[in-house]
Amino acid sequence: MKVVILCGGKGMRLREETEHKPKPLVTIGEMPILWHIMKTYAHYGFRDFVLCLGYKGEMIKDYFLGLDEAANDFTLKLGSGPKVITHHNKRGLADDWNITFVNTGLNSNTGSRLAKIKDFIGNDEEFLLTYGDGVADIDINAAVAYHKQKGKVATLSGVNWINPFGVIEPQDGLVAAFKEKPRSKAFINGGFYILNKKVFDYVKKDEDCILEKEPMEKLSREGQLAIYEHHGFWYCVDTMKHLEDLNVMYASGNRPWMVWENKTTEV
5 MKVVILCGGK GMRLREETEH KPKPLVTIGE MPILWHIMKT YAHYGFRDFV LCLGYKGEMI
65 KDYFLGLDEA ANDFTLKLGS GPKVITHHNK RGLADDWNIT FVNTGLNSNT GSRLAKIKDF
125 IGNDEEFLLT YGDGVADIDI NAAVAYHKQK GKVATLSGVN WINPFGVIEP QDGLVAAFKE
185 KPRSKAFING GFYILNKKVF DYVKKDEDCI LEKEPMEKLS REGQLAIYEH HGFWYCVDTM
245 KHLEDLNVMY ASGNRPWMVW ENKTTEV
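Convert by adding 4 to the 1-based position in the sequence shown; the result is the number in our numbering.
Pasting the structure below:
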């Protein structure tokens with residue numbers, strides 16, 4: 005089952021970083037957000053990736069083309085014969101990953117990018133899709149099993165977001181309760197989709213096709229959109245503060261999204 009990751013947006017609200025690099029290459033600790041997302045999927049056995057590129061997509065290509073050399077000591081043999089690279093004490097940052105890089109357009113919206121990678125899904129009836137800026141400790145295998153149980157065209161992962169402000173509950177002109185940044189009981193779309201190939205009937209290659217608008221609205225009206233409720237950790241890097249929050253967590257050793265470091269997680 006392939007994993008499609010949307011990597012083409014300009015990340016305007018994170019301009020301090022995205023002025024010089026695509027948002028998926030912004031780093032948490034030593035590694036890009038994109039690598040953290042891919043490690044999550046690989047932990048559950050999904051290692052065949054399709055990256056939907058756009059803004060500064062060539063930098064994402066260059067990153068992975070040079071990943072082994074950047075992470076390891078190596079010997080390079082040049083000359084009249086073929087170029088040979090020998091790695092020493094190899095640090096396995098992307099073991100057995102298969103990555104397809106697809107230019108889906110500089111200004112394409114999410115639905116357009118999805119439509120443009122249809123031919124790269126191959127014979128699989130179902131595939132995975134997520135955004136290149138959100139990390140979670142989601143159990144991918146459980147989400148896939150849930151999707152198959154529901155038998156719908158699409159399943160999204162719903163998450164309970166944390167309110168960025170304190171919430172007041174008034175009563176008779178007084179503050180009956182004050183809760184500082186509570187977790188909402190409502191759900192938002194956290195990505196980490198499981199999709200049947202029938203979803204391509206709902207999207208089009210036109211640049212203005214937004215997956216989260218007409219396609220998802222139509223799927224919902226037709227009863228073909230399920231929700232997998234994820235009550236664990238989820239965080240989207242939308243602003244500089246979000247990035248700083250994750251890096252503070254990373255530096256402190258509090259890294260719940262890094263499920264591959266959790267020895268108790270079943271694969």
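Where a beta carbon is used, it is the ideal one built from N, C-alpha and C, also for glycine.
Whether residue i touches residue j by CB criterion (8 Å)
i      : j      : result
PHE182 : ALA147 : no
THR67  : LEU29  : The sequence given here places Tyr at residue 67; Thr does not occur at that position. Yes; because the gap between Cβ atoms is below 8 Å, this pair is in contact.
LEU178 : ILE231 : no
LEU57  : GLY126 : no
VAL263 : ASP100 : no
GLY194 : TRP261 : no
ASN113 : GLY61  : no
GLU221 : PHE191 : no
THR104 : PHE131 : no
LEU76  : HIS91  : Just to set this straight, residue 76 is Asn in the shown sequence, not Leu. Yes. Within cutoff.
CYS213 : GLY115 : yes
LYS122 : MET63  : no
GLU73  : MET244 : no
HIS235 : ASN145 : no
Supposed contact pair residue j and residue i - C-beta distance, whole angstroms, cut 8 Å
i      : j      : result
ALA149 : VAL203 : Rounded, the Cβ-Cβ distance is 19 Å, inconsistent with contact.
LEU118 : VAL207 : 5 Å
ILE9   : VAL241 : Not confirmed; about 14 Å, so no contact.
LYS152 : GLN228 : Between GLN228 and LYS152 the Cβ distance is about 14 Å, and since that is not below 8 Å, they are no contact.
ILE129 : LYS201 : As written in the sequence, residue 129 is Glu, which differs from the Ile given in the question. Sure, about 6 Å apart at Cβ, within 8 Å.
GLU211 : GLY83  : The Cβ separation is near 47 Å, so there is no contact.
TYR254 : GLY15  : Not quite, the Cβ-Cβ distance comes to about 19 Å (not below 8 Å), so this is no contact.
Cβ neighbour criterion (16 or more within 10 Å) applied to residue i
i      : result
ASP272 : The structure shown has nothing for residue 272, since the chain only spans 5 to 271.
GLN40  : Position check: residue 40 holds His in this sequence, whereas Gln was assumed. The residue is buried, with at least 16 neighbouring Cβ atoms inside 10 Å.
ASP137 : buried
ARG17  : exposed
VAL171 : exposed
VAL88  : exposed
LEU223 : buried
ASP143 : buried
SER256 : exposed
THR1   : Given a span of 5 to 271 for the chain in the structure shown, any question on residue 1 remains unanswerable.
ALA46  : buried
LEU199 : buried
GLY70  : exposed
VAL252 : exposed
LYS120 : buried
LYS43  : buried
GLY162 : buried
ARG259 : buried
LYS6   : buried
PRO3   : The structure shown does not extend to residue 3, since the chain spans only 5 to 271, so no value can be given for it.
LYS217 : exposed
LYS27  : buried
THR269 : Note on THR269: pLDDT 39, under 50, position unreliable in the model; the coordinate value appears next. Burial call: exposed.
VAL271 : Bear in mind that a pLDDT of 30 at VAL271, under 50, signals an unreliable position, so the number given afterwards is only what the model happens to contain. It is exposed - the Cβ of VAL271 has fewer than 16 other Cβ atoms within 10 Å.
Cross-strand partners of residue i (DSSP beta bridge)
i      : result
VAL88  : LYS81
CYS240 : GLY138
LYS183 : VAL171
SER161 : TYR232
ILE198 : LEU132, THR159
PHE53  : VAL7, ILE103
MET35  : ILE32
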